[in-house]
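Asks: Here it is: the structure, laid out below.
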Amino acid sequence: MHTRLFAVVASFVLGLGTASCGGPEKPVSSPRPAATSAEPSKPAKPAGTRIGHYKDIVLSRSFSIDFDDDPAGKRVVDGDLQFFMEIEAHRITLLPAGVRGGYQVCRDRTGRSTALGFKAVSAGRSICVVTESGLVGLFKVRQLRIGEYADRGVFRFDLTVWQGAA
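Residues 1 to 166, numbered by full-length UniProt numbering, are exactly what the sequence shown covers, in order.
Printed below as a string of structure tokens:
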């Protein structure tokens, strides 16, 4: 009985096609598709355009940063560069000692590696990263201190970020 009553009421309500709030009845309208416009979208920044330079970023172990979302102040869980058991990124490479990093150097030398072991990284060295979205980053290592436990440690660096190729 309850099922039949529900079906009758539901059919009545759904079949009305009008809405009433005590005033004149108005037809219920269906959603309209969004109008398309010929507005030009913002042009992407050319490859190699410097997006930002951030000095003395301190990243605690078990955290990461996003290059395009306040890397100097905001910490995230799954960002462009992660600092946990290794230093991890979409693509990452440690530049040889004495090689001066920049957009072109980082773009050309960053291979397919996704992690750097802590033993390879020391103060004064440079690390290049290319993110999944194509941003290019150069890290100048100030300090890398690893604690006794997996959640202890500090990674201090300067970071320059460039727009990558589209």
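Ideal Cβ placement from N, Cα and C applies to all residues, glycine included.
Over the uninterrupted alpha helix (DSSP H) stretch that includes Tyr103, give me the two end residues.
Replies: Taken as a continuous stretch (DSSP letters only), the alpha helix (DSSP H) holding Tyr103 covers 103–109.
Asks: Rounded to the nearest angstrom, what separates Met85 and Lys55 at their Cα positions?
Replies: Each residue's Cα considered, the two are about 24 Å apart.
Asks: Run through the DSSP bridge pairs and tell me what Phe155 is partnered with.
Replies: Answer is Leu59, Leu144.
Asks: Who are the near neighbours of Tyr103 in its chain, counting only those whose CB is closer than 7 Å to its CB and skipping five residues on each side?
Replies: Excluding residues within five positions, the ones whose Cβ falls inside 7 Å are Gly48, Val136, Trp162.
Asks: What residue range does the beta strand (DSSP E) around Gln82 cover?
Replies: Per DSSP, Gln82 belongs to the beta strand (DSSP E) from 81–83.
Asks: Give me the Cα-Cα distance between Asp69 and Glu148, rounded to the nearest whole angstrom.
Replies: Straight-line Cα distance between these residues: approximately 30 Å.
Asks: Would you please state the rounded distance, in angstroms, between the beta carbons of Ile65 and Asp80? I believe it to be under 8 Å.
Replies: Confirmed, about 6 Å.
Asks: What are the partner residues of Val161, as DSSP defines its beta bridges?
Replies: Gly52, Gly137.
Asks: Considering only their Cβ atoms, is the gap separating Val105 from Ser122 smaller than 9 Å?
Replies: Taking 9 Å as the Cβ cut-off, Ser122 and Val105 do not qualify as a contacting pair.
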